[in-house]
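Quick note on the numbering used here: the sequence shown kicks off at 251 and runs consecutively. Yeah, the Cβ is synthetic: ideal placement off N, Cα and C, and Gly gets one too. Since this is a predicted model, take the numbers as computed values, not measurements.
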Amino acid sequence: MARQVVVEHVDDIDGSPIAEGRGETIAFSVNGIDYDIDLSAKNAKEFHKKLDYYIDHATRVGGRKNRSAGTLTSGEEVKRKPARRDRDHVRAVREWAQEQGYDIGVRGRIPTEIAEAYNAAH
Numbered sequence: 251m252a253r254q255v256v257v258e259h260v261d262d263i264d265g266s267p268i269a270e271g272r273g274e275t276i277a278f279s280v281n282g283i284d285y286d287i288d289l290s291a292k293n294a295k296e297f298h299k300k301l302d303y304y305i306d307h308a309t310r311v312g313g314r315k316n317r318s319a320g321t322l323t324s325g326e327e328v329k330r331k332p333a334r335r336d337r338d339h340v341r342a343v344r345e346w347a348q349e350q351g352y353d354i355g356v357r358g359r360i361p362t363e364i365a366e367a368y369n370a371a372h
C-alpha cells in the first residue's frame with residue numbers, strides 16, 4: 251500500500267491555507283527570543299507594514315542576536331558592565347578560597363562573599 255504525505259501551509263493568523271509561492275515564513279526576534287510565523291501574502295504585507303514603523307526608528311545592529319551588556323543612562327551614554335575577570339585571576343581566587351576552607355566548585359560564578367574576602371586579603 252502506498253502512502254502519500256501532503257504538507258499544507260496554513261496562515262498562522264487566520265488559519266487559511268497558503269498556496270505554493272503565495273506566502274512566506276517570516277523569522278524575527280524580540281528580546282533575544284526567535285520566532286517564525288507563516289503568513290499569506292496579504293498578512294505578510296500587513297506584518298511588514300506594521301514593523302516598518304519600528305524599524306525606521308530603530309538602530310540596526312547587524313546579525314548579532316544580543317547587544318553587548320550595558321544600560322542607558324539619562325545622558326544617553328551607555329554604561330558598560332565591568333569586564334569578566336581573566337582566567338588566571340579566577341583560578342587564583344578559587345585556589346585561595348579552597349586553601350581558606352571555603353566550599354567552592356571548580357566551575358561557575360564565584361560567590362560575592364568569597365570574592366570580597368579574597369580582595370580584602372590581597
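Using the Cβ count rule (16 or more neighbours within 10 Å means buried), how would you classify residue i?
i, result
"residue 290", "buried"
"residue 293", "buried"
Can you give me the C-alpha to C-alpha distance between residue i and residue j, rounded to a whole angstrom?
i, j, result
"residue 269", "residue 288", "12 Å"
"residue 276", "residue 295", "11 Å"
"residue 279", "residue 300", "15 Å"
"residue 328", "residue 346", "No answer about residue 328 holds up, because its pLDDT of 44 lies below 50 and its placement is not dependable."
"residue 310", "residue 372", "44 Å"
"residue 362", "residue 338", "18 Å"
"residue 274", "residue 253", "28 Å"
"residue 262", "residue 302", "20 Å"
"residue 365", "residue 284", "36 Å"
"residue 255", "residue 282", "35 Å"
"residue 272", "residue 286", "17 Å"
"residue 306", "residue 297", "14 Å"
Under three-state DSSP, which class holds residue i?
i, result
"residue 302", "helix"
"residue 342", "helix"
"residue 277", "strand"
"residue 283", "strand"
"residue 259", "strand"
"residue 380", "Examination of residue 380 is not possible in this model, given that the chain is present from 251 through 372 alone."
"residue 309", "coil"
"residue 215", "Limits of the chain in this structure are 251 at one end and 372 at the other, which puts residue 215 out of reach."
"residue 364", "helix"
So, are the CB atoms of residue i and residue j less than 9 Å apart?
i, j, result
"residue 348", "residue 367", "no"
"residue 344", "residue 354", "yes"
Report the partner residues of residue i according to the DSSP bridge assignment.
i, result
"residue 290", "273"
"residue 267", "260"
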